[in-house]
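Engineer: One structure coming up, written as structure tokens, with questions to follow.
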Amino acid sequence: MDDSPPFFEGPFDSDEAADAIAELECEDDVAATMAESLDMFLRENEEYTEEGAVDEALAFTCLIAARISGIAPDEAAHHWLDRTPFVVSNELHRLAVAAFALATRSRDNWLGEVRTGDWQVFLEHLEPYRKALHGEPQDPPAPFVPDFSGQKRRWLQAYWSIGDRSLPHDATYTDVAERLVLAVNEASAWLAWWRPAGLQKLTVFGELTPGAYTERISRGRTTAEAWIGFGHSHEGFGESVTQQVFDDVHQALAATGRHLGLDLVPSLPTLAE
């Protein structure tokens with residue numbers, strides 16, 4: 001048997017937690033949905049915390065704790081809270097305290113059983129959330145200072161998809177977009193534009209599917225993310241595909257700049273033939 005400890009995952013990284021949080025973000029009343037879910041978790045898992053239910057409950061309680069304190073060791077929490085406003089009522093706070101205790105107990109807990117190899121490490125990782133829920137004092141982390149030396153100078157990443165799959169590597173759009181992103185990373189004017197954000201990198205997730213334009217942008221503690229649905233395919237532009245890529249990248253960067261309060265974007269660099 002392999003006795004090595006499991007790969008470390010934070011409270012938001014399991015499939016069950018990620019799916020629950022994604023669904024929660026679509027709710028009209030996030031706080032009410034959280035309260036209902038945590039109340040059900042407490043009633044139905046008193047004897048044994050079940051797989052899936054404990055992942056969801058722990059993720060919700062950590063988000064509530066991070067909303068209370070602003071302190072979270074997981075970058076995902078900062079992004080989610082930036083996108084999703086909700087108020088922590090006294091009742092929601094009470095439910096979160098009880099659910100967190102149940103989800104992190106050492107016995108009769110599916111999560112503790114599958115994380116035997118790193119359970120104490122996991123609990124230490126969760127300690128800032130526990131302290132926030134109980135109102136215990138804790139020092140905030142030191143201010144983040146980005147490093148743009150060497151390879152870290154490349155602050156922009158971009159990924160392109162068609163629905164639920166990646167854009168083909170042999171697509172003209174892909175080639176132009178990769179070269180343009182590299183050029184932006186190497187342009188001093190663009191690094192000067194990005195520096196005031198105080199973040200290490202921006203990741204753009206661009207979906208190239210016909211429909212309505214959508215954007216979902218969030219700021220974490222060390223990174224920013226832009227999820228853009230451009231509302232068109234990557235095909236059908238003929239010789240103007242390069243211009244379309246430029247328009248899309250410019251739109252994504254401009255939208256991110258507005259969210260982060262940055263200056264107007266510079267002109268995009270030209271590409272060598």
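Residues in the sequence shown are numbered from 1 upward in steps of one, following this note's numbering.
Beta carbons are placed, not taken as given, at the ideal position from N, Cα and C, and that holds for glycine.
Predicted model only: the values in this text are computed from it and were never measured.
Thinking just about the alpha-carbon of each residue, which of Val-114, Thr-270, Pro-266 and Leu-24 is nearest to the one in Trp-194?
Structural biologist: As a working mapping, residue 194 is identified with position 194 in the sequence shown. Of the candidates Val-114, Thr-270, Pro-266 and Leu-24, the one whose C-alpha sits nearest the C-alpha of Trp-194 is Pro-266.
Engineer: Which residues in the same chain as Leu-262 place their Cβ atom closer than 7 Å to its Cβ, once the five residues preceding and following it in sequence are excluded?
Structural biologist: Here residue 262 refers to the residue found at position 262 of the sequence shown. The answer, listed in chain order, is Trp-193, Pro-196 and Ala-197.
Engineer: Determine whether the beta carbon atoms of Ala-132 and Ile-68 lie at a separation below 8 Å.
Structural biologist: Counting from 1 along the sequence shown, the entry for residue 132 is found at position 132. Counting from 1 along the sequence shown, the entry for residue 68 is found at position 68. Going by C-beta atoms, Ala-132 is nearer than 8 Å to Ile-68.
Engineer: With H, G and I counted as helix, E and B as strand and the rest as coil, what does DSSP make of Val-265?
Structural biologist: Taking the first residue of the sequence shown as position 1, residue 265 is located at position 265. Coil at Val-265, not helix or strand.
Engineer: Beta-carbon within less than 6 Å of Thr-214's beta-carbon, same chain only, minus the 5 sequence neighbours each way: which residues are those?
Structural biologist: In the sequence shown, the residue the question calls residue 214 occupies position 214. Correct list, in chain order: Gly-229.
Engineer: Helix, strand or coil for Val-204? Go by DSSP, reduced to three states.
Structural biologist: Position 204 of the sequence shown, counting from 1, holds the residue named residue 204. Three-state result, Val-204: strand.
Engineer: Among Val-54, Gly-150, Thr-209 and Ala-65, which has the Cα closest to the Cα of Glu-186?
Structural biologist: The residue you call residue 186 lines up with position 186 of the sequence shown. Ranking Val-54, Gly-150, Thr-209 and Ala-65 by Cα distance to Glu-186 puts Gly-150 first.
Engineer: By Cβ distance below 8 Å, which residues in the same chain neighbour Pro-140 in space, the five residues on each side in sequence not counted?
Structural biologist: Counting from 1 along the sequence shown, the entry for residue 140 is found at position 140. Gly-70 and Ile-71, listed in sequence order.
Engineer: Under the three-state reduction of DSSP, which class applies to Leu-199: helix, strand or coil?
Structural biologist: Along the sequence shown, one-based indexing puts residue 199 at 199. Coil, per DSSP.
Engineer: Roughly how far, in whole angstroms, is the beta-carbon of Thr-203 from the beta-carbon of Gln-157, given that I think they are within contact range, below 8 Å?
Structural biologist: For the purposes of this step, residue 203 is taken as the residue at position 203 of the sequence shown. For the purposes of this step, residue 157 is taken as the residue at position 157 of the sequence shown. About 5 Å separates the two Cβ atoms, so the contact holds.
Engineer: Excluding the 5 residues preceding and the 5 following His-259 in the sequence, name in chain order all residues of the same chain whose CB lies nearer than 6 Å to its CB.
Structural biologist: Counting from one through the sequence shown, the residue named residue 259 turns up at place 259. For His-259, where only same-chain residues beyond five positions count, the Cβ hits under 6 Å are Ile-217.
Engineer: What alpha helix (DSSP H) runs, 4 residues minimum, are completely inside the region 133-197?
Structural biologist: List check, alpha helix (DSSP H) in window: 172-186 and 188-194.
Engineer: Can you check which of these residues, Arg-179, Leu-253, Pro-210 and Ala-224, is closest to Leu-271 by C-alpha distance?
Structural biologist: The residue labelled residue 271 in the question sits at position 271 within the sequence shown. Of the listed residues, the one whose Cα sits closest to Leu-271 is Arg-179.
Engineer: Report the rounded CA-to-CA distance for Lys-152 versus Thr-104, giving the unit in angstroms.
Structural biologist: The count along the sequence shown starts at 1 and reaches residue 152 at position 152. The count along the sequence shown starts at 1 and reaches residue 104 at position 104. One C-alpha to the other measures close to 37 Å.
Engineer: Can you tell which of Asp-29, Ala-212, Gly-163 and Leu-182 has the C-alpha that lies nearest to the C-alpha of Pro-85?
Structural biologist: Locating residue 85 in the sequence shown gives position 85, counting from the first residue. The shortest C-alpha separation from Pro-85 is found at Asp-29.
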